[in-house]
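To start, the structure under review is shown below, and the notes come after it.
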Amino acid sequence: MGKAGSKEAVEEEPGILDSSGEGDSDLDDLDSVEVSQEARYEPPIDKMLGEDLITSKEMGKIFQLPGSALRVKALEHINLNHANSTYPVRAGEFVIVRGPSGGGKTTLLNLLGLLDRPNGGELRVLGLDVHSETNDRTLASFRLEKIGYVFQTFNLMSAMSAVENVELPMMMLNKIKRKERRRRAVELLRRVGLEDRLEHLPSELSGGEQQRVAIARALSNKPQILLLDEPTGDLDVAATVEIMNLLLEINLEQQTALVMVTHNPDLEAYADRILYVEDGTFTRQVLNKTQSRLSVAEYSSFLEHAERTAVERELPSAVTVT
Ligand SMILES: Nc1ncnc2c1ncn2[C@@H]1O[C@H](COP(=O)(O)OP(=O)(O)OP(=O)(O)O)[C@@H](O)[C@H]1O
């Protein structure tokens, strides 16, 4: 868990899950709960969650390398359902996905966000059953209307102003008139604290501000799910905390479900649940009773201390550090 600012977070560790769902002895508490398909497991967290948004059963993904017989098993036995302790992603939930490099985090996010299709098992996202034959147009229209995406590198259109960037998904969906589009884009930019940056180009904004525009853009079609791949990976400490606080507010205010991949363990304090993915499967799930924020001051001093300790460790033993 995050070491700074997460004092109120209570950690439950269900332990290692195995593919049969039986798990090891640490899992007994959760796995011994009898959960039928009808009964909904209520996780022991402070907030009430809404309907199931994403479920999966024994979902897997194998990549076939073009022009080669080589197959890469990126994911297998991914269960997000009520028959397992790893319950579905629900409305209002903030899920963080962590794990070692190459473990399958991005592949998982891409499948949950309909950017890719599974080639084994079942996946249901916002009522849509997704399989290897689901056509591109169906996926594209679901993505545009129901899911928001935020990436590490912001991915804003460089020749468009902040407000035009936020209007773009609404233009593509083409459901509201120009005036209303602009009004909503301005309102969203105000919501993320950028009301005085409407006409700025991305190159005229700081990294944290660009990520705020990207979040406003991701929210423009009022998605039920926001997927975030390392959204603070390129940001400094202050901007990281600001963006995370903003995401938490959005999660709490609008019941938007957030699924976020990060390598940063200190951000776990913000989540309701942390899923660890390693070697293509869930290896651990942690429930966080109370979401909490990091404070910039506390977190900076914690990082500074950690950095200093690391530097001291690297110094030759003959050198005395006072
Ligand atoms: N398009 C692809 N074709 C072939 N193999 C792939 C493809 N995408 C991912 N993989 C493989 O699938 C596995 C999981 O990759 P993935 O990118 O999901 O991991 P990750 O946990 O997100 O890693 P990182 O933290 O380094 O971003 C890796 O072994 C990777 O090499």
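UniProt numbering applies: residue 1 is where the sequence shown begins, and numbers increase by one. Beta carbons are placed, not taken as given, at the ideal position from N, Cα and C, and that holds for glycine. In this text, all values refer to a predicted model and were calculated from it rather than measured experimentally.
Query	Result
T138 in three-state terms, based on DSSP	helix
Member of R178, E122 and E307 whose CA lies at the smallest distance from the CA of E133	E122
Through-space distance from E76 to E58, alpha-carbon basis	7 Å
Outcome for L188 when other beta-carbon atoms lying within 10 angstroms are tallied against a minimum of 16	buried
Three-state secondary structure (DSSP) of A310	helix
Proximal residues to T232 (C-beta, below 6 Å), its chain only, five neighbours per side dropped	T240 and I243
Buried/exposed call for H131, threshold 16 Cβ in 10 Å	exposed
Which of helix, strand or coil DSSP assigns to V192	coil
Proximity to K175 [Cα-Cα], best of L201, R191, F151 and S220	S220
Residue interval of the alpha helix (DSSP H) (run including M172)	A162 to L173
S161 to L168 span [Cα, whole Å]	11 Å
Rounded straight-line distance, which links the Cα of K179 to that of G103	45 Å
Limits of the unbroken beta strand (DSSP E) element including R293	From DSSP, R293 is part of no beta strand (DSSP E); its letter is neither H nor E.
Pick from G280, E249, D236 and N264 that is closest to E230, judged by C-alpha positions	N264
E304 to R98 span [Cα, whole Å]	23 Å
D52 - partner residues in DSSP beta bridges	R90
Reduced DSSP category for M244 - H, G, I as helix; E, B as strand; rest coil	helix
Same chain, Cβ closer than 8 Å to L114, neighbours up to 5 away in sequence not counted	V125, L128, V130, L139, F142, R143 and I147
Distance between F302 and R308 (C-alpha atoms, nearest Å)	10 Å
Contacting residues, own chain, Cβ-Cβ under 8 Å from V163 (five flanking each side not counted)	R182, A185, V186, L189, L198 and E199
Check: S101 C-beta below 7 Å from any heavy atom of ligand 1	yes
At least 3 beta-carbon pairs within less than 8 Å: the region 78-91 vs the region 53-68	yes
Strand pairing of K57, partner residues [DSSP]	E122
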